[in-house]
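Colleague:
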Amino acid sequence: MIMEQFILSFIASAAFGIIFQAPRSTLLKCGLVGSLGWVIYMLFIQANIDAVTGTFVASFVIAMISQFFARRYKTPVVVFSVAGIIPLVPGGLAYDAMRNFVQNDYGQALPIAAKVFMISGAIAIGLVLSEVMNQINKKVRKRKLWR
Amino acid sequence: MEERSTQQEMVELCLFIGRIMLQNGAETYRVEDTMTRIAASYGKEDAQSFVTPTGIVFSLSRTEPSKLVRVSDRTTNLHKVTQANSISRNITGGDLTLREAYEQLDEIDKSGTYYSMGTQIAAASLASGCFSIMFQGNWYDFLPACISGGIGFIVLLLLHQLFEIKFFAEFLASLFIGTLAFTFMSFGIGHETDKVIIGSVMPLVPGLLITNAVRDLMAGHLISGLSKGAEAFLTAFAIGGGVAIAFSIF
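Chains as they are written, first to last, in this note's numbering: chain A, 51 to 197; chain B, 210 to 459.
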């Protein structure tokens, strides 16, 4: 089950790399970033932990790995993080909310819409936290150089 | 007089690299950063740049007159962003002269898409199929999702060439996807309409906009962050609206 998800998300993220015209040499790394993030998210879902928490942890990991790859291969971070983030975007939930709205079932639609909002926020905070870690890391390293 | 012309070349180079990066999907803070870094490598430590998603304002110092470049059409081409990034590295490392850098940038600017149309469509349809399974779909949904995702992407590309209102192209493409999915279902192809639609809509999702909006906001670029967020929201709304109309028809 997890293996199937890993392979599928690998292909999907790499395919997104192609849609975004990422360089050929980065496609496998895009796929790896995306599939690692998705597997972490799926593990959280299977352990019955809230999707918001799962999304947060997954997007944090994605951003950290992307930054590592970016430094390592001297490539802009976006190239790696974008393909990785795509599977986490709550497209399915947003779709459910929209469908309920259209069918005039506002009571059903609103809680789902709130969930979409929360998950989007979780993606953002995951990205931000890794950026913060990155900046702290940079500052610490610089101080070591001065000594 | 001599100094005047090299200064002008410097400004031109900075604006050129900035425009290429902005047009192809780089974050605005990265564009600003690249431009001021290049200027600093030529000894202009005080260069000022102000970048929004639709235009660049740049001057070599606080007292120099500033130049403006308008950016109207934006696409996503991360290969060009990567290439421009490595050129800026070479400039700041002192490996490229002004003229060489300008020529290389010109080449990047004139080059077409990195992957052919066919490869992109194939990638979009493959991604659609994978996503329908990833969102707990049945393997019966794989093929219909591939087909409707691929066709939806083709429709989007064609409509983009027909008119310039991006949101309407996305709206029509997702309407098309919804209609296709329901048609498949009425012929007994596929297991769940929902999974097929969600999977095939994924290539239209504004992923780059969302990540860039967050990164720009965090870097303190409030205007860019908010406007990209608005663009992402409008795109999501267009996709949702298209699917919703397909739903209300069937």
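Idealized CB from N, CA, C, for every residue including glycine.
A/Ser85 to B/Gly252, Cα distance in whole Å?
Modeller: About 44 Å.
Colleague: When burial is assigned at 16 or more other CB atoms within 10 Å of the CB, is B/Ser325 buried or exposed?
Modeller: That one is exposed.
Colleague: Got a sec, what are the start and stop residues for the beta strand (DSSP E) B/Lys276 sits in?
Modeller: B/Lys276 -> beta strand (DSSP E) spans 276-279.
Colleague: Taking C-beta pairs closer than 8 Å, name the residues in chain A that B/Cys339 reaches, listed in chain order.
Modeller: Neighbours of B/Cys339 on chain A, chain order: Leu58, Ser59, Ile61, Ala62, Ala65.
Colleague: For B/Asn421, decide whether its Cβ has a neighbour in chain A, counting only Cβ atoms nearer than 8 Å.
Modeller: So, interface residue.
Colleague: Beta-carbon of B/Gly358 versus every beta-carbon of chain A: anything under 8 Å?
Modeller: By this cut-off, B/Gly358 is not an interface position.
Colleague: How about the region 89-107 of chain A and the region 168-188 of chain A: do they share at least three Cβ pairs that are nearer than 8 Å?
Modeller: Cβ pair count under 8 Å is three or more, so yes.
Colleague: Pull up the DSSP beta-bridge partners for B/Gln257, would you.
Modeller: B/Gln257 pairs with B/Ser268.
Colleague: Closest Cβ-Cβ distance between A/Asn187 and chain B: below 8 Å?
Modeller: Answer no: the Cβ-Cβ gap between A/Asn187 and chain B never drops below 8 Å.
Colleague: Closest Cβ-Cβ distance between B/Pro412 and chain A: below 8 Å?
Modeller: Output row for B/Pro412: interface = yes.
Colleague: Residues in its own chain within less than 6 Å of A/Met114 by CB, not counting five upstream and five downstream?
Modeller: The answer, listed in chain order, is Ser180.
Colleague: On the CB-based measure, 16 or more other CB atoms within 10 Å of its CB, does A/Gln185 come out buried or exposed?
Modeller: The residue in question, A/Gln185, is exposed, as its Cβ has fewer than 16 Cβ neighbours within 10 Å.
Colleague: Pull up the distance between the alpha-carbon of A/Ile162 and that of A/Gly142, whole angstroms please.
Modeller: Looking at the two C-alpha atoms, the distance is approximately 10 Å.
Colleague: Closest Cβ-Cβ distance between A/Ala108 and chain B: below 8 Å?
Modeller: No, A/Ala108 lies away from the interface with chain B (no Cβ there is under 8 Å from its Cβ).
Colleague: With a floor of 4 residues, list each alpha helix (DSSP H) that falls wholly inside the region 100-184 of chain A, ordered by position along the chain.
Modeller: Within the region 100-184 of chain A, the complete alpha helix (DSSP H) runs of at least 4 residues are 101-123, 127-135, 141-152.
Colleague: Using the three-state DSSP reduction, which class does A/Ile186 fall into: helix, strand or coil?
Modeller: Helix.
Colleague: Take the Cβ of B/Asn150 as the centre, count every other Cβ of all protein chains shown within 10 Å, and call the residue buried at 16 or more, exposed below.
Modeller: The requested residue 150 of chain B is not part of the displayed model; chain B covers only 210 to 459.
Colleague: Under a three-way DSSP split, which group does B/Tyr349 fall into?
Modeller: B/Tyr349 falls in the helix class under three-state DSSP.
Colleague: Thinking C-beta only, is B/Ile226 closer than 8 Å to B/Leu366?
Modeller: Their beta carbons are not under 8 Å apart, which means B/Leu366 does not touch B/Ile226 by this criterion.
Colleague: Let me make sure I understand the geometry here. Which of B/Leu413, B/Val414, B/Leu277 has the alpha-carbon closest to that of B/Phe259?
Modeller: Of the candidates B/Leu413, B/Val414, B/Leu277, the one whose C-alpha sits nearest the C-alpha of B/Phe259 is B/Leu277.
Colleague: By alpha-carbon positions, which one of B/Thr263, B/Met219, B/Ala248 ends up nearest to B/Asn233?
Modeller: The shortest Cα separation from B/Asn233 among B/Thr263, B/Met219, B/Ala248 belongs to B/Thr263.
Colleague: Which residues in the same chain as B/Ser272 place their Cβ atom closer than 6 Å to its Cβ, once the five residues preceding and following it in sequence are excluded?
Modeller: Reading the sequence as shown, one finds Thr at residue 272 of chain B and not Ser. Hits under 6 Å: none found.
Colleague: Excluding the 5 residues preceding and the 5 following B/His430 in the sequence, name in chain order all residues of the same chain whose CB lies nearer than 6 Å to its CB.
Modeller: Here the set comprises Thr237, Tyr238.
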